[in-house]
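Below: the structure, in structure tokens.
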Amino acid sequence: MSVKFKNVGHIYSPDSPFEYVALHDVNLELPLHKMVAIVGNTGSGKSTLVQHLNALLKPTSGEVHINDRIIVADEKPRNLKSLRKVVGLVFQFPEYQLFEETILRDIAFGPKNFGISEEEAEARARMAIKQVGLDESYLMRSPFDLSGGQKRRVAIAGILAMDPEIIVLDEPTAGLDPQGAKQMMQLFADLKNKHNKTIYIVTHDMEHVLNYCDEVVVMKDGRMIHQSNVEDFFAEGELLNDLHIAPPAIIKVKQMLKERGFKLSKANDFDTLVKDIVKEVRK
Ligand SMILES: Nc1ncnc2c1ncn2[C@@H]1O[C@H](COP(=O)(O)OP(=O)(O)OP(=O)(O)O)[C@@H](O)[C@H]1O
Ligand SMILES: [Mg+2]
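If you count the sequence shown from 1, you need to add 884 to reach the numbering used here.
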């Protein structure tokens, strides 16, 4: 079982004056049961890439493999429902995902669509709304009367209620306050650690990459230019410069100390760092 992109290209509006090549020959294998960050500048192709994971977009060349399914250019993917049961995608703009009269109906829509009874779907909606940090009183409200951050939470709940194996999140913490963003990241980490889910997350937040993710994929101008574990990613000074990515404070501080000859352990938390500094200074 795996997730693979083989020579994937994506052209928006091909053969029209608006033709735009958004993905160039992407080859990529994404691990399961990990949290993988997809990073890169605005317009680099992150959303385009992840929308291939549940066939919302189809490659215009190449193949996308998801477990035993292969989505190829020029072939209408069959049985999309079964794919979308496995891969749940939360859009970058939650408005695109919300459409029912009440939040309850919105969240219960996905599970019902997969043939789950009304009762069970509503039970899942009640659980999901709490998971994303809202209480049950929201369920009878309209999804359109919510703030941006609340809409995002409801959109995430809608995907959680479907209980997919692979959860794809396109900037899920945009619009949340720092505390809310942290709780959301912790929820995703729990889904991975306790429920064995696979999480692919598009993000611009390097603290989240450092603190929660296992691997990083970097997109640039529609190409996949780097894939590694998080530690190696933050050690790529030139790449970070090139992408105008400011690494998290702890990474910068550790680099400065190392340049001054300090021996530091691998862990990237302040507690360990302070202990290391004390040890080094005492030497
Ligand atoms: N529907 C579309 N039609 C034509 N071009 C598009 C369409 N959607 C995206 N693009 C173009 O494809 C490129 C990649 O867009 P994409 O949304 O994948 O970038 P992104 O990395 O997700 O950016 P951001 O960080 O701003 O969300 C951009 O140049 C964008 O203008
Ligand atoms: Mg995007």
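Ideal Cβ placement from N, Cα and C applies to all residues, glycine included.
Item	Value
Those residues, in chain order, that have a beta-carbon closer than 7 Å to some heavy atom of ligand 2	Lys930, Ser931, Gln976, Asp1054, Glu1055, Val1086
Residue range of the alpha helix (DSSP H) that includes Arg1036	1032–1044
Buried versus exposed call for Ile991 [16 or more other C-beta atoms within 10 Å across all chains shown]	buried
For Phe1028, the three-state DSSP class (helix, strand or coil)	helix
Runs of alpha helix (DSSP H) lying entirely within the stretch 1034–1098, each at least 4 residues, in chain order	1062–1079, 1090–1096
Extent of the continuous alpha helix (DSSP H) run through Lys1142	1133–1143
7 Å CB neighbourhood of Lys1142 in its chain, flanking five on each side removed	Leu1148
Coarse secondary structure for Gln1015, derived from DSSP in three states	helix
Sequence-distant residues of the same chain with beta carbon closer than 8 Å to Glu1055, five excluded per side	Gln976, Val1086, Thr1087, His1088
Residues of its chain near Thr986, where Cβ-Cβ distance is below 6 Å and the 5 sequence neighbours each way are ignored	Met1024
Host beta strand (DSSP E) of Phe889 (start-end)	887–896
C-alpha distance - Ala1009 paired with Phe889, whole-angstrom precision	33 Å
Met919 vs Ile1043 beta-carbon contact at 8 Å	no
Runs of alpha helix (DSSP H) lying entirely within the stretch 957–988, each at least 4 residues, in chain order	964–970
Cβ neighbour criterion (16 or more within 10 Å) applied to Tyr980	exposed
Touching by the beta-carbon criterion (3+ pairs, under 8 Å), the stretch 1098–1106 and the stretch 913–931	yes
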